[in-house]
Amino acid sequence: VKAGTTRNRDEKSVWYLEHLSKSIETSVFENLALTVDSRTPYTKGHSAEVARLSVTLAKELGLSGEDIESLRLASMLHDIGSLSISTRTLNKPGDLTEEEEKIVRLHPGLAEKLLSEYPQIEKILHAILYHHERFDGNGYPNGLKGEEIPLHARILTIAEAFNAMVSPRPYKERFTVQQAIDELKAESGRQFDPKLVEVFIKFLNTQISTPK
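Numbering (this note's numbering), first residue to last: 183 to 394.
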């Protein structure tokens with residue numbers, strides 16, 4: 183057998199194993215997302231919809247295929263840390279107590295710990311850890327500001343917030359799409375990256391104006 187033929191076979195085997203590993207990993211992550219969403223009737227399908235919105239915004243921004251896939255997985259897993267929060271707290275119709283609020287604020291860091299055994303997914307970890315940071319620096323867990331917040335996290339923040347606004351929750355009424363757009367505009371430069379908000383709203387407006 184020629185050396186070149188053997189080398190090609192080895193390269194194909196490595197490629198196959200790498201892609202098989204990624205496929206299994208993706209399947210595990212998606213099943214975790216389903217588990218998270220199933221803990222409350224209000225969040226059924228939430229992770230998948232956040233992923234769809236994040237990917238849409240990423241494509242509008244012209245991100246690479248690799249970045250888009252990282253963002254999709256981060257969006258699927260963004261609430262995995264909430265597995266540590268009781269369903270009573272998650273389904274509470276009124277305001278959270280100070281202690282409950284503290285527990286909820288820990289969930290991005292807990293997600294990072296749960297996923298830390300996957301060092302190859304750094305962008306995914308950063309998106310999850312920082313998706314509750316605010317553009318004005320008043321978010322958590324680290325009070326990052328502006329472009330200190332990783333791009334993946336800034337995208338995820340908008341997608342997650344929009345889906346939460348237009349979905350029913352035990353503590354609020356569902357927003358219309360226009361009400362959610364108005365809220366995005368109001369929080370542009372405060373909670374959200376204004377450049378990303380502009381791109382996202384432009385996309386939403388094309389969807390609203392396009393006949394179904």
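The beta carbon of each residue, even a glycine, is placed where N, CA and C say it ideally should be.
I think residue i touches residue j, with their Cβ atoms under 8 Å apart; what is that distance to the nearest whole Å?
| i | j | result |
| --- | --- | --- |
| Ile337 | Leu239 | 5 Å |
| Glu251 | Asn345 | Between Asn345 and Glu251 the Cβ distance is about 20 Å, and since that is not below 8 Å, they are no contact. |
| Ala166 | Ser236 | Since the first residue shown for the chain is 183 and the last is 394, residue 166 is missing from the structure and cannot be characterised. |
| Val359 | Leu386 | 7 Å |
Rank the options by C-alpha distance to the C-alpha of residue i and give the top, closest one.
| i | options | result |
| --- | --- | --- |
| Gln361 | Ile383, Leu235 and Gln373 | Ile383 |
| Leu245 | Leu386, Ile303, Leu378 and Asn387 | Leu378 |
| Met258 | Glu281, Ile310, Pro352 and His314 | Ile310 |
| Leu297 | His314, Ala256 and Glu281 | Ala256 |
| Lys295 | Glu283, Gly263, Thr388 and His313 | Gly263 |
| Lys284 | Pro323, Gly227 and Asp364 | Pro323 |
| Glu369 | Ile390, Gly321, Tyr312 and Arg254 | Gly321 |
| Ser229 | Arg356, Phe357, Thr339 and Lys367 | Thr339 |
| Arg270 | Phe357, Pro352 and Ile363 | Pro352 |
| Tyr312 | Glu281, Leu253 and Gly227 | Leu253 |
| Asp249 | Asp261, Glu304, Lys367 and Glu280 | Glu304 |
Apart from the five residues on each side of it in sequence, which residues of its chain come closer than 8 Å, Cβ to Cβ, to residue i?
| i | result |
| --- | --- |
| Ser203 | In this prediction, Ser203 has a pLDDT of 45, which is less than 50 and means its spatial position is unreliable; nothing more can be read from the coordinates. |
| His314 | Arg287, Pro290, Gly321, Tyr322, Pro323 and Thr339 |
| Phe357 | Met347, Val348 and Glu365 |
Once the 5 residues before and after residue i are set aside, which same chain residues still bring their CB inside 6 Å of it?
| i | result |
| --- | --- |
| Gly276 | none |
| Asp375 | Phe317 and Arg336 |
| Gly319 | Gly325 and Lys327 |
| Arg227 | Arg is not the amino acid found at residue 227; the sequence shown has Gly there. Nothing listed; no residue qualifies. |
Please return the same chain residues whose Cβ sits closer than 7 Å to the Cβ of residue i, not counting the five positions on each side in sequence.
| i | result |
| --- | --- |
| Arg316 | Arg372 and Gln373 |
| Val381 | Leu239, Glu242 and Leu243 |
| Gly328 | Phe317 |
| His308 | Pro332, His334 and Ala335 |
| Gln389 | none |
Please report whether the beta-carbon of residue i lies at a distance below 8 Å from any beta-carbon of chain B.
| i | result |
| --- | --- |
| Arg254 | Considering every chain present, this structure includes no chain B. It has just one protein chain. |
**OP:** Let me know the alpha helix (DSSP H) ranges lying completely inside the region 225-279, each 4 residues or longer, listed in chain order.
**Re:** Complete alpha helix (DSSP H) runs here, min 4: 228-242, 247-259 and 269-272.
Original post:
Quick one: complete alpha helix (DSSP H) runs, 4+ long, within the region 308-392?
Top reply: Runs found: 333-347, 359-369 and 376-391.
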